[in-house]
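Enquirer:
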Amino acid sequence: MVKLTQRLGGLVLRFAAFCAALGAVIAMITSRERSSFFVLSLVAKYSDLAAFKYFVIANAIVSVYSFLVLFLPKESLLWKFVVVLDLMVTMLLTSSLSAAVAVAQVGKRGNANAGWLPICGQVPRFCDQITGALIAGLVALVLYVFLLIFSIHHVVDPFLLRKS
Amino acid sequence: MAVSKLASAATSDKSCKILLGMRLLAFSATLSAAIVMGLNKQTKTFVVGKVGNTPINATFTAKFDHTPAFVFFVVANAMVSFHNLLMIALQIFGGKMEFTGSRLLSVAILDMLNVTLISAAANAAAFMAEVGKNGNKHARWEKICDRFATYCDHGAGALMAAFAGVILMLIISATSICRLVQSNKYCSTTASPSVVP
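Taken in sequence, the protein lines are chains U and F. In this text, residue positions in the first sequence follow the UniProt record's numbering: the first is 1, and each later residue adds one. In this text, residue positions in the second sequence follow the UniProt record's numbering: the first is 1, and each later residue adds one.
#1: Is there a Cβ of chain F sitting closer than 8 Å to that of U:W79, yes or no?
#2: Can you give me the Cβ contacts of F:A158 inside the same chain, cut-off strictly under 6 Å, excluding the 5 residues immediately before and after it?
#3: Once the 5 residues before and after F:I56 are set aside, which same chain residues still bring their CB inside 6 Å of it?
#4: To the nearest angstrom, how far is it from the Cα of F:T175 to the Cα of F:T43?
#5: Quick check: is the beta carbon of U:M91 nearer than 8 Å to any beta carbon in chain F?
#6: With DSSP run on the structure shown, which of helix, strand or coil describes U:E33?
#7: List the DSSP bridge partners of F:A174.
#8: Just to confirm, is the Cβ distance from U:V103 to F:V71 under 8 Å?
#9: Which residues of chain U have a Cβ atom closer than 8 Å to the Cβ of F:R23, listed in chain order?
#10: Please confirm if F:H83 has its CB atom under 8 Å from at least one CB of chain U.
#11: Are the beta-carbon atoms of U:Y65 and U:V89 separated by less than 8 Å?
#12: Helix, strand or coil for F:L113 per DSSP?
#13: On the DSSP bridge assignment, give the partners of F:K63 in chain order.
#14: Tell me the residue span of the beta strand (DSSP E) that contains U:A44.
So this is what it looks like as structure tokens:
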């Protein structure tokens, strides 16, 4: 009974992380806005900035990985490898989120010392959608940190309570 | 005498030797990244116009704290190097403290958290440096590396050290997690004889 709730908890966390990462990818891909500025027309897409492309790729990898691990059978020997893979995926998530937030912050506030003007005033809906994608990425990251601690506690058995 | 006791205490197992060496390397890499980026500053005078025949000069400074990503980079690298220093000290000097398994678990979890911290910091600084180096014509942000070459070079060096630290911290964290399932738990010998000749 205890093992069933453990496995169920792990599955629920992983499914929620899969949904969050997928939501982040979809929100960022569908963010596209055109704004007219006299005769100039500025189209803001996520692929203009390298950090957002990295964010989309990293979260796509994470969502595919979560989807595959959801179907791993309970008695498989790969669960110990899943702990290390979870660590690498968490690193991927945090690095992509941090890079996207760093660049989005420049887009929102600008950088007065470098002479970079903020772009959020001209494309507000684009900025809001990027913010939503970043929040979904943050939720996925937090869920994966919980999953890591969960995996270490249940799979690796640090207190050596199970005789094997 | 104390040095030999410390050396035998720290290297009692093969994975412990690897762990100690990696931690020393990661400590030095992240500390150098923090120091190089923290001291990164370049001042240059440009001619911004001419009034009649006399040129007008303006002095511009490029500092690391103009960019929040670089501030986060310095702080995170300092924190990770401090964490590595603590773990090295724990491995060498902590032999007599006999805790339960929570000591091993807390080392593994702390290593995990620091891996995520250093990877976040290194990547944020890398992408901000890429924007500074290449500019962005869609957002009309001009590149700054053609004017502040020394600033960019020092930043690149700090980034390389931080990425070396990322790889080392990943290996350290994986090793710490793997050591959770081994039977000989602690690295330092608990019952080392303190014979003073």
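Backbone N, C-alpha and C fix where the C-beta goes; we use that ideal spot for every residue, glycine too.
Expert: If we stick to the structure as given:
#1: Chain F, which has no Cβ nearer than 8 Å to the Cβ of U:W79, makes this no.
#2: Cβ neighbours of F:A158 beyond the five flanking positions: A33, V36 and M37.
#3: If we look at F:I56 and ignore the five residues flanking it on each side, its Cβ neighbours are V48 and G49.
#4: Straight-line Cα distance between these residues: approximately 44 Å.
#5: By this cut-off, U:M91 is an interface position.
#6: Under the three-state reduction of DSSP, U:E33 is assigned to strand.
#7: Beta-bridge pairing links F:A174 to no other residue.
#8: In this structure, F:V71 does not lie closer than 8 Å to U:V103 by Cβ.
#9: Going along chain U, no residue has its Cβ under 8 Å from F:R23, so there is no contact; the nearest lies around 17 Å.
#10: Contact of F:H83 with chain U is not assigned, every C-beta pair being separated by 8 Å or more.
#11: Going by C-beta atoms, U:Y65 is nearer than 8 Å to U:V89.
#12: Correct three-state label for F:L113: helix.
#13: Checking the DSSP bridge columns, you'll see F:K63 partnered with F:K41.
#14: Judged by DSSP secondary structure, U:A44 falls within the beta strand (DSSP E) whose first and last residues are L40 to K45.
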